[in-house]
Amino acid sequence: MSSSTVLPAAREHSAAAGIACVVGGIFFLTLSDANAKWLGASYNPLQILFLRAVIALPFVMTLAVWLGGRRVLYTTHLGLHLTRGAINVVSACCFYLGLRALPLAEATAIAFAAPLFVTALSVMILKERVDGRRWLAVLAGFAGVLIVVRPGTDAFQAATLLPLTTALLYAVMMITARGISRGEGMLTTTFYIVLGQLVCSSVGLPWVWQTPAMADMPYFAGVALFSTLGLALITQGFRIGPASVVAPFDYTGLIWATILGWIFWREAPDAYSYLGALFIAGSGVYIAVREARNKSRAKRRPKR
Numbered sequence: 001m002s003s004s005t006v007l008p009a010a011r012e013h014s015a016a017a018g019i020a021c022v023v024g025g026i027f028f029l030t031l032s033d034a035n036a037k038w039l040g041a042s043y044n045p046l047q048i049l050f051l052r053a054v055i056a057l058p059f060v061m062t063l064a065v066w067l068g069g070r071r072v073l074y075t076t077h078l079g080l081h082l083t084r085g086a087i088n089v090v091s092a093c094c095f096y097l098g099l100r101a102l103p104l105a106e107a108t109a110i111a112f113a114a115p116l117f118v119t120a121l122s123v124m125i126l127k128e129r130v131d132g133r134r135w136l137a138v139l140a141g142f143a144g145v146l147i148v149v150r151p152g153t154d155a156f157q158a159a160t161l162l163p164l165t166t167a168l169l170y171a172v173m174m175i176t177a178r179g180i181s182r183g184e185g186m187l188t189t190t191f192y193i194v195l196g197q198l199v200c201s202s203v204g205l206p207w208v209w210q211t212p213a214m215a216d217m218p219y220f221a222g223v224a225l226f227s228t229l230g231l232a233l234i235t236q237g238f239r240i241g242p243a244s245v246v247a248p249f250d251y252t253g254l255i256w257a258t259i260l261g262w263i264f265w266r267e268a269p270d271a272y273s274y275l276g277a278l279f280i281a282g283s284g285v286y287i288a289v290r291e292a293r294n295k296s297r298a299k300r301r302p303k304r
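With full-length UniProt numbering, letter number 230 in the sequence shown gets 230, and the count goes up by one each step, no holes.
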């Protein structure tokens with residue numbers, strides 16, 4: 001059997017496995033958000049995040065040491081990791097607060113504007129070049145955000161600004177990741193994200209803490225374990241599958257959020273929310289695919 005028949009089959013298998021990991025990971029992340037929405041009616045977001053980190057950290061640390069040894073817990077960027085942890089806490093708090101007032105699918109759709117902010121901020125902060133087609137995709141995505149949020153109309157809710165803030169802060173967190181040396185891999189970054197979340201969420205805890213009811217502990221465990229499992233699967237999906245193939249499947253989260261929102265809260269987003277979500281998802285998919293193709297072409301280009 002020739003290599004020309006083996007290699008395409010191997011690529012197809014890795015792409016299928018990567019897609020399966022991303023779809024599964026996004027499903028678990030949406031389950032985590034659904035648990036957080038349920039808890040948000042009774043608990044402060046800081047407490048939810050603190051207990052999420054407390055429960056998740058032992059699992060993340062064990063996994064990191066098991067896969068990479070104790071050296072993965074070493075960092076030369078502790079201050080930057082803590083800064084990113086603080087940004088992550090504020091970002092997640094905004095999202096959890098938004099879930100109190102908004103349907104799960106609507107909050108999820110707005111938060112998916114994060115890749116649009118990443119593209120815009122990479123130009124303003126990192127001085128990266130973005131071609132005209134990607135700028136058009138960014139503008140189309142922000143048009144989708146306006147369709148969902150509908151400022152200036154009777155349908156506008158101030159709560160929609162919360163997941164939008166989440167998207168912006170998440171983009172800032174992704175941009176700051178460029179300051180971490182390449183010597184620190186995914187395991188180190190994941191460990192310090194959870195550790196930073198634990199440290200930063202504990203600062204305001206004395207003012208918001210209330211003893212959790214035993215009946216609510218499975219929901220706290222669900223937030224932690226589903227989010228950890230989801231992030232692990234998504235990371236694995238992008239590791240084994242081509243980014244241009246697996247990235248669009250991030251947006252299956254809109255499907256899961258719509259289904260879970262209807263099952264547990266009988267939420268049914270209106271036509272404007274669906275239309276806006278379509279613009280946001282389409283723009284995000286286009287940006288991800290085009291960026292992956294540009295990187296692939298750059299790698300293939302002969303050096304002079």
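For every residue, glycine included, the Cβ atom is placed at its ideal position computed from N, Cα and C. It should be emphasised that the depicted structure is a prediction, and the values quoted were computed from it without experimental measurement.
When we look at the beta-carbon of residue i and count the other beta-carbons within 10 Å, is it buried (16 or more) or exposed?
| i | result |
| --- | --- |
| Thr76 | exposed |
| Arg52 | buried |
| Gly141 | buried |
| Phe220 | buried |
| Pro58 | exposed |
| Ile263 | exposed |
Could you work out which residue in the options is closest to residue i when comparing CA atoms only?
| i | options | result |
| --- | --- | --- |
| Ala105 | Arg290, Ala271, Gly179 | Ala271 |
| Leu99 | Asn44, Ala215, Leu233 | Asn44 |
| Ala171 | Ala243, Leu233, Val118, Leu57 | Val118 |
| Thr166 | Val245, Leu116, Pro242, Val72 | Leu116 |
| Val145 | Phe27, Ala213, Ser14, Ser273 | Ser273 |
| Gln86 | Leu169, Thr108, Thr189, Val130 | Note that residue 86 is Ala in the sequence shown, not Gln. Ala86 has its Cα closest to that of Leu169, out of Leu169, Thr108, Thr189, Val130. |
| Ile55 | Ala268, Phe191, Val23 | Phe191 |
| residue 305 | Phe112, Arg266, Leu78, Cys21 | No answer is possible for residue 305: it lies beyond the span of the chain, which begins at 1 and ends at 304. |
| Val245 | Met186, Arg293, Lys37 | Arg293 |
| Ala17 | Trp262, Pro242, Gly284, Tyr251 | Pro242 |
| Leu231 | Val60, Ser14, Lys37 | Val60 |
| Pro218 | Ala36, Ala281, Gly25 | Ala36 |
| Cys21 | Ile234, Asp131, Ala101, Leu162 | Ile234 |
| Leu195 | Leu82, Arg71, Val72 | Leu82 |
| Gly40 | Leu67, Leu102, Glu128 | Leu102 |
| Trp209 | Ser42, Ala158, Val289, Lys127 | Ser42 |
| Ile110 | Leu164, Gly152, Arg129 | Leu164 |
| Leu67 | Gln236, Val289, Trp265, Val149 | Gln236 |
| Ala215 | Val199, Leu29, Trp38 | Trp38 |
| Val65 | Gly253, Gly185, Arg239, Trp262 | Gly185 |
| Leu29 | Trp207, Ile193, Val123, Leu229 | Leu229 |
| Ser14 | Arg239, Ala114, Arg266 | Arg239 |
Suppose the cutoff is 8 angstroms on Cβ atoms and the five residues either side in sequence are ignored; what does the same chain contact list for residue i look like?
| i | result |
| --- | --- |
| Leu49 | Val89, Ala92, Cys93, Tyr96, Gln197, Ser201 |
| Ile125 | Ile175 |
| Phe173 | Note that residue 173 is Met in the sequence shown here, rather than Phe. Once the five neighbours on either side are set aside, the close Cβ partners of Met173 are Arg84, Ile87, Asn88, Ser91. |
| Pro179 | Strictly speaking, residue 179 in this sequence is Gly, with Pro absent from that position. Around Gly179: His77, Leu80. |
| Tyr74 | Thr188 |
| Arg134 | Thr119, Tyr286, Ile287, Arg290, Glu291 |
| Ile19 | Gly237, Gly241, Val245, Val246, Phe249 |
| Leu121 | Ala171, Val172, Ile175 |
Below 6 angstroms CB to CB, which residues in the same chain sit around residue i once its five sequence neighbours on both sides are set aside?
| i | result |
| --- | --- |
| Ser32 | Val223, Phe226, Ser227 |
| Ala34 | Leu260 |
| Ile147 | Tyr272, Leu275, Gly276 |
| Val285 | Pro248 |
| Ala107 | Gly98, Leu99, Pro163 |
| Val289 | Ser244 |
Going by beta carbon distance, what residues of the same chain come within less than 7 angstroms of residue i, once the five residues before and after it are set aside?
| i | result |
| --- | --- |
| Phe27 | Trp256 |
| Gly204 | Leu46 |
| Ala137 | Ser283, Tyr286, Ile287 |
| Ala143 | Phe279 |
| Ala281 | Phe112, Tyr251, Leu254 |
| Arg129 | none |
*asked:* Runs of 3 residues minimum, wholly inside the segment 105-183: which ones carry the beta strand (DSSP E) assignment?
replied: Within the segment 105-183, no complete beta strand (DSSP E) run reaches 3 residues.
*Mind pulling the alpha helix (DSSP H) runs of 4 or more residues that sit fully within the segment 221-268?*
Scanning the segment 221-268 from its first residue to its last, the whole alpha helix (DSSP H) runs of 4-plus residues come out as 243-246, 252-265.
*Go through the segment 179-221 residue by residue and report every complete run of the alpha helix (DSSP H) that reaches 4 residues or more, in order.*
Here the runs fully enclosed are 186-202, 205-208.
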